[in-house]
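Presented below is the structure to which this report refers.
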Amino acid sequence: MIAKTLTAFVATGLGFALIDSVWLITMSTRLYKPEIGEMMAPDFRLVPAIIFYLLYITGILIFAVRPALAAGNWQVALVQGALFGFFCYMTYDMTNYATLRVWSLKVTLLDLVWGTFLTGSAATVGTLVTQKFFPN
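Each residue of the sequence shown is one higher than the last, beginning at 4 in our numbering.
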């Protein structure tokens, strides 16, 4: 059980990090810097990023990967992961849009779509890899 959970965590985390890194590298200068540049920290803060990733991946496991593994169906991970991503990113993006002067509707919508896609994809990767190593 521990090995299966660790496999799911690592696979989901690696999937999330790899997919998200493409977005962040590509969109940092194209979207975030032009739209919210004055709010961005001059240097990347590694510790808060690590804390976020560890907690968010745990959430993906609880709300998407574990239910998908229990059902034996990767589509559950895709849907549950996308929904988890949608609600988490919606909370973040809409709060920022409501309260921050420079947070635009464009950033809100693109980030929301990205978070939904990213989380559903990471949950699916985590589920498929775990099923490969731990077939029912």
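Don't be surprised by glycine CBs; every beta carbon is placed ideally from N, CA and C.
query	result
Just the C-alpha distance for Trp106 and Ile60, rounded to the nearest angstrom, thanks.	26 Å
Am I right that Gly84 and Gly123 are in contact with their C-beta atoms under 8 Å? What's the rounded C-beta distance?	4 Å
Enumerate in chain order the residues of its own chain whose CB-to-CB distance from Tyr100 is below 6 Å, with the five nearest sequence positions on each side excluded.	Trp106 and Thr111
How close, in whole Å, do the beta carbons of Thr15 and Val128 come, if the pair is a contact with beta carbons under 8 Å?	7 Å
Say whether the segment 4–22 touches the segment 51–71, bearing in mind that this needs 3 or more beta-carbon pairs closer than 8 Å, one atom from each stretch.	yes
With a threshold of 16 other CB atoms inside 10 Å of the CB of Glu38, please say whether the residue is buried or exposed.	buried
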